[in-house]
Amino acid sequence: MSEPLLEISGLHTSFDTYDGKVGAVDGVELTVEAGKTLCVVGESGCGKSVTARSILRLVEKPGSIDSGTVTWHGGEEPFDVLSLDDKDPRLQKLRGDDIGMIFQEPAASLLPLRSIGAQLIEALRIHTGMDKKAARARAVELLGLVGIPDAERRVDAYPFQLSGGMCQRAMIAIALCAEPALLIADEPTTALDVTTQARILDLIRDLQARNHMAVMFITHDLGVVAEMADEVAVMYLGRVVERASVEEVFADPKHPYTKALLRSVPVLGRDRGRDLPTIPGTVPNPLHRPKGCSFHPRCTEAIAGRCDLDEPPEVVFDGGRTAQCVLYDDQSEGDRA
Ligand SMILES: Nc1ncnc2c1ncn2[C@@H]1O[C@H](COP(=O)(O)OP(=O)(O)OP(=O)(O)O)[C@@H](O)[C@H]1O
Ligand SMILES: [Mg+2]
């Protein structure tokens, strides 16, 4: 039985720039189920981070959330995060207590003039009510769990005394310390070596098993997706173009963009010495969104006269997976009938 924890619907977030309004997130629909992992994939600039930041209303100027709803089901009553008053205590509780966020830029989210221990201890005291001594012991334990060697000593280090990878691990510890109902992890392991990455993925899975934590995991790494995901959302130019279970995505990708992403991943034993296919072209600037399907200029299966003119339909397949693509239009007709 699926039990939604977070539902995003019709989310539009844009940035006002000198060149015009950049529609970074353009009608995103996503659901994170309680206790499950949703992986969000897509090339650089597809709007993954802006979607994540919009959930907690952490989009800074010149950005603004223009429309949509973000429904949180983790409280007594479901509510729309986007329509809460700035001072609503539910918003404060969401940020850090209910939802832990690992930002893509670790340096930007640690305070430079406070030791990582002080930041972690404060977060632990606020979110768990521990006393100072217990919080310090837990801080050292958490830093050890995320793979910071000699945590007993490093707990008193300032961010500038640590490497980028260590700052990233400290931030992961802060995001996890309140044992949130939902962890949003934006490329949490990109700057880390594979051993540390494996350790962090284990830690996330362990918390998930113990606390029924849900995870929204943003990554470029399809290996991580295969290992972590229950559900996958593929984003292209501010929209979710395919949503399906991890098994469905790998065994039977529907959207040509998903197929292209999968083709660009090496297969052990098969691809040695071969050039991997890359997706031709680049993600267009959202200021100049192509007419019709945004992916059509790069799509090997595009149909002239349709994909370059009409918005693709959202096709719902048996079992509930979706793809925004004209290739399956007849199936959605069948479903609707
Ligand atoms: N502060 C800003 N001002 C103007 N445009 C912005 C700003 N922040 C993001 N954007 C635009 O929003 C779009 C989506 O950006 P976002 O950071 O969400 O991409 P992403 O999918 O997370 O990419 P990556 O994989 O590189 O992290 C991009 O076109 C980006 O240029
Ligand atoms: Mg990003």
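Just so we're aligned: 81 in my numbering is position 82 of the sequence shown, and the numbers increase by one with no gaps anywhere.
The beta-carbon is built from N, C-alpha and C at its ideal position, and this holds for glycine as well.
For clarity, every value in this text was computed on a predicted model and none was experimentally measured.
With distance defined between alpha-carbon atoms, name the residue in the options nearest to residue i.
i, options, result
"E230", "S53, L29 and R305", "L29"
"V69", "L90, L81, A150 and R198", "L81"
"F102", "T299, D25 and R168", "R168"
"L182", "S1, K60 and R52", "R52"
"D396", "V31, V40 and L5", "Absent from the model: residue 396. The displayed extent of the chain is 0 to 336, so no value can be given."
"K60", "S8, L200 and V21", "V21"
"T281", "L260, G291, V264 and E300", "L260"
"H211", "A33, T16, K47 and E310", "A33"
"I217", "M234, P276 and A208", "M234"
"A180", "L109, T36 and S8", "T36"
"V24", "K131, A122, A156 and V239", "V239"
"Y256", "E241, E246 and A250", "E241"
"V224", "T188, T195 and A208", "T188"
"L109", "R209, V58, S43 and M165", "M165"
"F159", "A107, A197 and H72", "A107"
"G143", "S162, D130, K132 and I171", "I171"
"E151", "V49, Q91, A138 and A122", "A138"
"G163", "L221, P276, G67 and I147", "I147"
"H126", "K253, A174, E75 and Y327", "A174"
"R320", "H254, P276, T299 and L286", "H254"
"A136", "G128, I120, V145 and D149", "I120"
"L57", "V245, R204, L221 and Q91", "Q91"
"S1", "G222, K132 and S244", "S244"
"L236", "E6, V49, G67 and G318", "V49"
Verify the CB distance criterion: does residue i have a CB-CB separation below 8 Å to chain C?
i, result
"K60", "No chain C appears in the structure shown, which is made up of a single protein chain."
Can you pull the DSSP bridge partners for residue i?
i, result
"K20", "D15"
"F216", "C38 and A184"
"S66", "H11"
"A322", "E241 and V314"
"P3", "E32"
"V27", "L10"
"D79", "T70"
At what residues does the beta strand (DSSP E) containing residue i begin and finish?
i, result
"C38", "T36 to V40"
"R242", "R238 to S244"
"A232", "E230 to Y235"
"G99", "I98 to I101"
With hydrogens ignored, establish whether the beta-carbon of residue i is closer than 7 Å to any heavy atom of ligand 1.
i, result
"F294", "no"
"T16", "yes"
"S43", "yes"
"V21", "yes"
"P61", "yes"
"P285", "yes"
Within a Cβ cutoff of 8 Å, which residues of the same chain sit near residue i, ignoring the five residues on either side of it in sequence?
i, result
"P289", "P283, H295, P296 and D307"
"D65", "H11, T12 and S13"
"Y157", "P111, L112, R113, S114 and I115"
For the alpha helix (DSSP H) that residue i lies in, which residues bound it at each end?
i, result
"I115", "I115 to T127"
"I54", "K47 to I54"
"I302", "Here I302 belongs to no alpha helix (DSSP H), and DSSP marks it neither H nor E."
"K86", "Per DSSP, K86 belongs to no alpha helix (DSSP H) and is neither H nor E."
"P176", "Going by the sequence as given, residue 176 is Cys instead of Pro. Taken as a continuous stretch (DSSP letters only), the alpha helix (DSSP H) holding C176 covers G163 to C176."
"E226", "L221 to M227"
"D155", "Note, D155: premise wrong, no alpha helix (DSSP H); not H, not E."
"R94", "Careful: R94 lies outside any alpha helix (DSSP H) and carries neither H nor E."
"K132", "K131 to L144"
"A208", "V193 to N210"
"T189", "Note, T189: premise wrong, no alpha helix (DSSP H); not H, not E."
"Y256", "P255 to R262"
Excluding the 5 residues flanking residue i on each side, which residues of the same chain have their C-beta closer than 7 Å to its C-beta?
i, result
"D334", "Residue confidence for D334 is low, a pLDDT of 47 falling below 50, so the modelled location carries little weight and cannot support an answer."
"L55", "L93, R94, I98 and M100"
"A336", "Confidence at A336 is low in this model, with a pLDDT of 38, below 50, so the placement of that residue should be treated as unreliable; the coordinate-derived value is given next. There are no such residues."
"C38", "F216, T218, V224, M227, A228 and V231"
"E42", "V282"
"L326", "E300"
"L4", "V31, E32, A33, H72, G73, A180, L181 and A213"
"R89", "G74, F78 and L83"
"K258", "P252"
"V145", "R168, I171, A172, I199 and L202"
"A117", "none"
For residue i, I'd like the list of residues in its chain whose CB is within less than 6 Å of its CB, leaving aside the five on either flank, ordered along the chain.
i, result
"E332", "Legend: pLDDT at E332 = 47, less than 50; position of this residue unreliable, value from coordinates given subsequently. Same-chain partners within the cutoff: there are none."
"D15", "P61"
"P77", "T70"
"C292", "C306 and P311"
"S63", "none"
Name all residues in chain order for which at least one heavy atom of ligand 4 lies closer than 7 Å to the residue's CB. The model depicted lacks ligand 4 and carries ligand 1 and ligand 2 instead.
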